[in-house]
Amino acid sequence: MFDGEGFVRGVLRKGQAVAGARALVVGSGGVGSAIAASLAAAEVAEIGLYDVDDAATEALATRLSAYYPTLHVTSGSRDPDGFDLVVNATPLGMKDGDPIPIDVTRIAPSAFVGEVVMKQEMTAFLRAAAERGCRIQVGVDMLFEQIPAYLEFFGYPTTTPETLRAVSRIAY
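Numbering (our numbering), first residue to last: 219 to 390.
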């Protein structure tokens with residue numbers, strides 16, 4: 219699973235510091251777990267976790283605490299107040315009319331906001347965050363960053379996200 223590595227590489231490429239940051243990840247399924255683990259490996263100071271499935275959130279919090287004992291892990295709240303990095307790792311935003319998963323009015327304009335939805339480039343969540351002044355990362359940024367990570371991991375010749383963008387055609 220390279221979603222987490224791709225997501226973090228994208229955040230770093232955009233100039234957002236990860237080490238020492240406070241991150242909120244909403245969604246504790248496969249992609250949310252991968253992102254949370256990669257943020258922990260990149261040395262965030264604190265990670266907040268939320269999912270509608272409390273058991274999934276608690277299981278992820280337990281795993282992160284076991285593997286990263288110095289990481290401050292909280293769970294059960296999706297309030298983005300005070301977080302430097304806010305991530306929507308849920309499927310909300312794939313369809314027009316989906317509710318926004320996080321109260322955008324509580325996100326600081328200085329926060330970096332990321333999305334994993336690839337069905338459309340700008341979800342309502344990202345549009346609202348951008349309107350607040352937040353820097354954002356769209357879902358396909360994660361994809362273009364994870365492909366080089368995958369190639370590197372398996373020892374294949376790699377490429378760059380810029381090259382991938384130049385040869386791809388995205389249709390939403």
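Even for Gly, the Cβ is constructed at its ideal location relative to N, Cα and C.
Exposed unless 16 or more other CB atoms sit within 10 angstroms - verdict on residue i
i, result
"Arg387", "exposed"
"Tyr390", "exposed"
"Thr341", "buried"
"Gly250", "buried"
"Ala235", "exposed"
Supposed contact pair residue j and residue i - C-beta distance, whole angstroms, cut 8 Å
i, j, result
"Ser246", "Asp271", "7 Å"
"Leu369", "Thr377", "7 Å"
"Arg231", "Glu363", "7 Å"
Reduced DSSP secondary structure (H/G/I, E/B, other) of residue i
i, result
"Gln234", "coil"
"Gly266", "strand"
"Gln364", "helix"
Cβ pair count under 8 Å reaching 3, the region 306-314 against the region 328-339: The answer is yes - the region 328-339 touches the region 306-314, with three or more Cβ pairs under 8 Å.
Tell me, please, whether the region 379-386 touches the region 235-245 by the rule of three or more beta-carbon pairs shorter than 8 Å. A contact is defined here as three or more CB-CB pairs under 8 Å, and the region 379-386 fails this definition with respect to the region 235-245.
Which ranges does the alpha helix (DSSP H) cover as unbroken runs of at least 4 residues, wholly within the region 282-318, from first to last along the chain? none
With three or more C-beta pairs closer than 8 Å as the rule, is the region 342-357 touching the region 243-263? no
So, does the region 281-295 touch the region 341-350, judging by three or more C-beta pairs under 8 Å? No, the region 281-295 does not touch the region 341-350.
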